[in-house]
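Q: Structure in structure tokens, see below.
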Amino acid sequence: MTPPVIKPLADSAGALVVCPPPHVRTGLGVRGLSLAGLLALAPAAIMAMGNFGLDAARVLALAGSVAVLTEALCLRLAGRDVDVDNFSALYAGLLFAFLLPASAPWWLVAMGAILTTSLGRVLFGGFGSNPLCAPLVAWAMCRISWPAAMDVDFAMAASAMHEPLAQLKYFGVQALDQFEMIDLLLGRHLGALGAVQIIPLALGGVALMVFKVIRPYIPLAFLAGVLGMAGLLHMIDPSLYAEPVFHLLTGSVVFGAFFLATDTASSPVGRMPMILFGLMAGVMVVVIRAWGVYTDGVPFAILLVNLLSPLLDRVRPKPFGAR
Amino acid sequence: MTKIDFNLRSDHIEPIQEMLVPGLLNIPVRGMSLKTARGKKLEKGAVVAQHPGQGSADVHASLAGKVTKVSFAYVTMLPGEGGGVAPVDLSSVDDDKEMIRTLRRLGVSATPLMESELLLINGLNPEPGVTSAEALLAHEKDILIEGLSLARRLVKPSRCILVTSGGPEVQGLGDCEVQTVRAEYPASIEPLLIKAITGKENAEGTAVLDIHALWELGMVATTGLPVTEVVVTVGENNWRIPVGTPLRHALAEGGLECAEGDVVRLGGVMRGEAAYSLDQGISKQCRAIGLVKAGEVAPVENVPCINCGECVLHCPARLMPNLITRYAEFDRFEDARKQGLDICFGCGICATVCMARRPLLHLIRFAKEQVRTTLDA
Ligand code: SF4
Ligand code: SF4
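In order, the protein sequences belong to chains C and G. Per numbering that gives the first Met the number 0, residue 0 is the first one in the first sequence, and the count goes up by one each step. Per numbering that gives the first Met the number 0, residue 0 is the first one in the second sequence, and the count goes up by one each step.
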């Protein structure tokens with residue numbers, strides 16, 4: 000039982016506002032963070048609609064709204080405050096949509112959005128308690144359950160464009176000549192609808208770093224890991240392994256670096272753990288691309304290092320004064 | 000995003016002003032044993048309550064008058080006719096133990112006066128929002144030097160260093176060495192100050208006296224009378240105020256107007272408590288009074304930690320405040336301790352930078368209090 004609070008001299012008439020110190024605060028709050036993330040995603044979302052047309056808009060809208068509704072429902076069922084007005088569920092839903100092919104059928108989008116919040120977040124105690132990046136949990140479930148619908152190359156077979164990573168996997172480095180650097184940068188190739196919008200994603204990501212919404216450790220280490228590992232392989236055998244820049248600009252590397260790997264709950268805290276986390280994820284991406292069954296590698300790479308987060312968090316400096 | 004000003008240096012300090020005597024005193028006595036009763040007439044300087052703790056100081060009537068109300072937390076007095084207690088002749092006290100006892104009876108906390116190799120005088124303002132330390136250093140030098148010679152006698156240091164911000168109005172203190180540190184909060188916190196000067200994190204044999212403590216010592220040394228006043232920053236200026244002065248009076252005299260929705264802060268910006276009533280009397284530990292205007296600071300949010308790591312990256316004690324506070328929330332105080340709860344300086348930096356705006360400092364204080372009262376008891 001909590002003892003009653005006795006406040007001598009407290010007269011209810013002239014009561015003052017009482018709040019805990021400190022009386023200065025920089026944090027954005029959960030709502031601010033989600034809004035900043037949404038703002039950073041906006042250019043890429045617009046560009047996706049430009050490249051893939053209304054299909055992209057359809058997927059984004061559906062995933063976002065289903066994610067919010069699912070979260071609200073789950074919170075209601077759990078008897079907790081419904082706090083979807085902090086936009087974090089919407090943000091997670093959009094992140095998931097960014098990983099889908101633009102042609103994804105409505106049931107797949109809805110299913111993924113439901114999984115994002117229910118399995119990815121609520122099951123573990125809600126936003127902040129999820130040990131794995133929620134949109135990636137949904138992505139992995141869908142990718143395994145409905146491989147055909149999730150496979151970009153297959154799902155978008157009607158399109159005249161190709162998916163670079165699939166070309167690399169099945170036809171080797173020689174097949175990559177068809178892709179111009181500028182097309183890769185502008186998202187004029189097949190891929191997940193949001194994740195291929197390299198330039199706007201990079202801009203959004205850098206803006207997040209500049210405005211101190213995210214710390215640079217994870218994204219930069221992630222990119223360094225991808226470049227380093229890809230460079231190493233390319234050096235060993237350029238006829239077998241693609242150039243590092245190709246890896247950087249394809250699949251969801253840029254998206255993953257700035258938006259997925261930096262998911263606060265599932266990534267470690269502390270400078271060194273963050274750098275190690277980013278590096279390991281980056282290296283893993285190229286390893287999966289080179290030897291794994293999946294063409295992209297980013298989602299599984301991040302999910303795998305998510306599992307290592309608690310371990311990485313143990314890489315700590317000694318507390319003050321400890322011997 | 001808001002940029003926080005952690006600067007501790009005050010570049011322009013007016014002399015300390017005397018405040019008009021209030022019409023009523025509410026002297027804080029929580030946790031002490033009362034030495035007076037309702038209806039009693041007290042001389043200025045008479046003992047009101049004694050602190051049971053070792054090394055802690057007594058509390059005295061800061062004006063002559065009549066006790067009109069007594070509760071577990073406050074002794075209320077109406078100032079009126081009456082003289083003051085007779086001064087104690089400190090020069091006749093030869094024994095150090097006896098001196099410490101005498102000082103405690105006169106309202107000076109003797110805890111920092113242990114014998115030590117090195118004596119550090121903490122000349123920094125304790126935190127943003129407080130300029131009273133540097134104001135004392137700039138304008139009450141004679142009293143401080145009196146205090147210093149008494150402190151030297153008890154601590155017997157082989158070296159004595161005054162640590163300052165290097166501000167224009169803050170110069171040396173007697174024949175103390177002077178060292179300047181980067182005056183940015185939390186540099187003023189004791190372990191960090193010791194680290195900055197000695198380079199060691201486990202500096203034993205170092206005593207730290209802050210300017211307010213030195214001033215109290217000096218006041219007692221010069222007058223032989225109990226400490227009944229505090230020097231407090233109210234808004235921009237610094238004032239000498241009788242202990243127990245109601246907030247309402249101090250605010251009005253200091254020219255601060257409290258409106259609906261404002262927070263009245265007792266202490267600095269980082270660690271100051273929010274007052275719950277304008278009738279609260281000012282305690283001896285109070286260093287500043289300020290207003291936090293409605294809407295000026297984003298409110299704390301009752302949300303779970305999102306593990307962003309900002310608190311971990313900023314903690315000067317290199318702890319994981321995110322874990323400590325999560326344990327505190329779920330009553331797992333032993334685990335909080337394993338994460339370094341006892342090392343925490345209580346500086347509040349973690350709570351300032353928390354992305355989710357959790358009440359980290361509040362949870363840490365709660366955990367410390369629980370450990371103190373339950374686990375250690
Ligand atoms: S209050 Fe917070 S930032 Fe300061 S030492 Fe304690 S845990 Fe670290
Ligand atoms: S700053 Fe706040 S939200 Fe971030 S890890 Fe620390 S406690 Fe959690």
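Cβ atoms here follow ideal geometry from the backbone N, Cα and C, with glycine treated the same way.
1) Does any CB atom of chain C fall closer than 8 Å to the CB of residue 243 of chain G?
2) If you measure from the beta carbon of residue 405 of chain C to each beta carbon in chain G, is any gap under 8 Å?
3) What first and last residue would you give for the alpha helix (DSSP H) that runs through residue 367 of chain G?
4) Can you give me the Cβ contacts of residue 310 of chain C inside the same chain, cut-off strictly under 7 Å, excluding the 5 residues immediately before and after it?
5) Below 8 Å on the Cβ atoms is my contact criterion, and I expect residue 221 of chain C with residue 277 of chain C to pass it. Report the Cβ-Cβ distance as a whole number of Å.
6) Please determine, among G:324, G:299, G:239 and G:350, the residue with the shortest C-alpha to C-alpha distance to residue 16 of chain C.
7) Is it a yes or a no for the region 312 to 322 of chain G touching the region 276 to 294 of chain G, going by three-plus beta-carbon pairs under 8 Å?
8) Counting only beta-carbon separations shorter than 8 Å, does residue 382 of chain G have a partner in chain C?
9) Can you check the region 172 to 251 of chain C for any alpha helix (DSSP H) of at least 4 residues that lies completely inside it and give the ranges in chain order?
10) Taking C-beta pairs closer than 8 Å, name the residues in chain G that residue 17 of chain C reaches, listed in chain order.
11) Quick check on DSSP: helix, strand or coil for residue 297 of chain G?
12) Which same chain residues end up closer than 7 Å to residue 217 of chain C when comparing Cβ atoms and leaving out the 5 residues on each side of it in sequence?
13) Could you tell me which residues DSSP puts in a beta bridge with residue 210 of chain G?
14) Relative to the C-alpha of residue 104 of chain C, which candidate in C:74, C:91, C:62 and C:137 has its C-alpha closest?
15) Is the number of C-beta pairs between the region 14 to 22 of chain G and the region 22 to 34 of chain C that are closer than 8 Å three or more?
16) Give me the subset of the region 248 to 271 of chain C whose CB atoms are less than 7 Å from a CB atom of chain D, sorted by chain position.
17) Can you tell me the Cα-Cα spacing of residue 372 of chain G and residue 346 of chain G, whole angstroms?
18) Quick one: is residue 6 of chain G near chain C, going by C-beta distance under 8 Å?
19) Alpha carbon to alpha carbon, how far is residue 248 of chain C from residue 296 of chain C?
20) The beta strand (DSSP E) spanning residue 448 of chain G covers which residue range?
21) Determine which residues of the region 321 to 353 of chain G have a Cβ less than 7 Å from any Cβ of chain C, and write them out in chain order.
22) At the level of alpha carbons, what is the spacing between residue 48 of chain C and residue 58 of chain C?
23) Just verifying my parser: in three-state terms, what is the DSSP assignment at residue 133 of chain G?
24) Using a Cβ-Cβ cut-off of 6 Å (strictly less than) and excluding sequence neighbours within five positions of residue 0 of chain C, which residues of its own chain qualify?
25) Please compile the residues from chain C whose C-beta is within a distance smaller than 7 Å of the C-beta of residue 3 of chain G.
26) Quick one: complete beta strand (DSSP E) runs, 3+ long, within the region 175 to 263 of chain G?
27) Judging by CA-CA distance, which residue of G:196, G:115 and G:365 is the nearest neighbour of residue 153 of chain G?
28) Excluding the five sequence neighbours on either side, which residues of its own chain have a C-beta within less than 7 Å of the C-beta of residue 207 of chain C, listed in chain order?
29) Skipping 5 residues on each side, what residues in its chain have a beta carbon closer than 6 Å to that of residue 70 of chain C?
30) Since residue 48 of chain G sits in a beta bridge, which residues does DSSP pair it with?
31) Nearest-angstrom Cα distance between residue 98 of chain G and residue 137 of chain G?
32) Residue 248 of chain G touches chain C at which residues, Cβ-Cβ below 7 Å?
33) Can you give the beta carbon distance from residue 249 of chain G to residue 18 of chain G, rounded, assuming they're within the 8 Å contact cut?
34) Which complete alpha helix (DSSP H) runs does the region 88 to 147 of chain G hold, if anything under 4 residues is left out?
35) Roughly how many whole angstroms lie between the Cα atoms of residue 68 of chain C and residue 81 of chain C?
36) Can you tell me which of the three DSSP states residue 27 of chain G falls into?
A: Taking the geometry as given:
1) By one-based count along the second sequence, residue 243 of chain G stands at place 244. Not an interface residue.
2) Absent from the structure is residue 405 of chain C, since the part of chain C shown begins at 0 and ends at 322.
3) Locating residue 367 of chain G in the second sequence gives position 368, where the first residue counts as 1. Note, residue 367 of chain G: alpha helix (DSSP H), 359 to 369.
4) Position 311 of the first sequence, counting from 1, holds the residue named residue 310 of chain C. Correct list: empty, nothing qualifies.
5) Taking the first sequence and counting its residues from 1, the one referred to as residue 221 of chain C is at position 222. Taking the first sequence and counting its residues from 1, the one referred to as residue 277 of chain C is at position 278. Confirmed, about 4 Å.
6) Your numbering for residue 16 of chain C matches position 17 in the first sequence. Residue 16 of chain C has its Cα closest to that of G:299, out of G:324, G:299, G:239 and G:350.
7) no
8) Missing from the structure shown is residue 382 of chain G; chain G here goes from 0 to 376 and no further.
9) 180 to 184, 197 to 209, 216 to 235 and 243 to 248
10) Position 18 of the first sequence, counting from 1, holds the residue named residue 17 of chain C. Going along chain G in sequence order, the residues near residue 17 of chain C (Cβ under 8 Å) are 262, 273, 274 and 275.
11) Here residue 297 of chain G corresponds to residue number 298 of the second sequence, with the count starting at 1. Note: residue 297 of chain G maps to coil in three-state DSSP.
12) In the first sequence, residue 217 of chain C corresponds to position 218, counting from 1. Taken in chain order, the residues that qualify are 260, 261, 266, 273, 276 and 277.
13) As a position in the second sequence, residue 210 of chain G is number 211, starting the count at 1. Partner(s): none; residue 210 of chain G has no beta bridge.
14) Along the first sequence, read from residue 1 onward, the residue named residue 104 of chain C stands at position 105. Among C:74, C:91, C:62 and C:137, the Cα nearest to that of residue 104 of chain C belongs to C:62.
15) no
16) No chain D is present in this structure, whose protein chains are C and G.
17) For this step, residue 372 of chain G is matched to residue 373 along the second sequence. For this step, residue 346 of chain G is matched to residue 347 along the second sequence. Whole-angstrom Cα-Cα distance: 21 Å.
18) To locate residue 6 of chain G, count along the second sequence from 1; it is residue 7. Chain C, which has no Cβ nearer than 8 Å to the Cβ of residue 6 of chain G, makes this no.
19) Within the first sequence, numbered from 1, the residue matching residue 248 of chain C stands at position 249. Within the first sequence, numbered from 1, the residue matching residue 296 of chain C stands at position 297. So the two alpha carbons sit approximately 13 Å from each other.
20) With chain G covering 0 to 376 only, the question about residue 448 of chain G has no answer from this structure.
21) 321, 339, 342, 347, 350, 351, 352 and 353
22) Start at 1 with the first residue of the first sequence, and residue 48 of chain C comes out as number 49. Start at 1 with the first residue of the first sequence, and residue 58 of chain C comes out as number 59. Distance between the alpha carbons of residue 48 of chain C and residue 58 of chain C is about 10 Å.
23) Position 134 of the second sequence, counted from the first residue, corresponds to residue 133 of chain G. Of the three classes helix, strand and coil, the one that applies to residue 133 of chain G here is helix, per DSSP.
24) Within the first sequence, the letter at position 1 stands for residue 0 of chain C. Confidence in residue 0 of chain C is poor, its pLDDT being 47 and thus under 50, which makes the residue's placement unreliable; the coordinate value appears in the next sentence. Nothing listed; no residue qualifies.
25) One-based indexing of the second sequence puts residue 3 of chain G at position 4. Within chain C, the residues near residue 3 of chain G are 23 and 25.
26) 176 to 179, 205 to 209, 228 to 233 and 236 to 241
27) Numbered from 1 along the second sequence, position 154 holds the residue referred to as residue 153 of chain G. Closest option to residue 153 of chain G, Cα to Cα, is G:115.
28) Within the first sequence, numbered from 1, the residue matching residue 207 of chain C stands at position 208. Closer than 7 Å at the Cβ level, and outside the excluded window around residue 207 of chain C, lie 35, 39, 213 and 257.
29) Start at 1 with the first residue of the first sequence, and residue 70 of chain C comes out as number 71. Cβ within range, chain order: 83, 88 and 116.
30) As a first step, residue 48 of chain G must be located in the second sequence, where it is residue number 49. G:33 and G:58.
31) Along the second sequence, one-based indexing puts residue 98 of chain G at 99. Along the second sequence, one-based indexing puts residue 137 of chain G at 138. Cα to Cα, the separation comes out at about 28 Å.
32) Sequence index remark: in the second sequence, residue 248 of chain G carries index 249 (1-based). None at all; the shortest Cβ gap to chain C is about 14 Å.
33) What you label residue 249 of chain G is simply residue 250 of the second sequence in a count that begins at 1. What you label residue 18 of chain G is simply residue 19 of the second sequence in a count that begins at 1. Their Cβ separation, rounded to whole angstroms, is 7 Å, which keeps residue 249 of chain G and residue 18 of chain G in contact under 8 Å.
34) 95 to 104 and 131 to 138
35) As a working note, residue 68 of chain C is residue 69 in the first sequence. As a working note, residue 81 of chain C is residue 82 in the first sequence. Their backbone Cα atoms lie some 10 Å apart in a straight line.
36) The sequence position of residue 27 of chain G within the second sequence is 28, counting from 1. Correct three-state label for residue 27 of chain G: strand.
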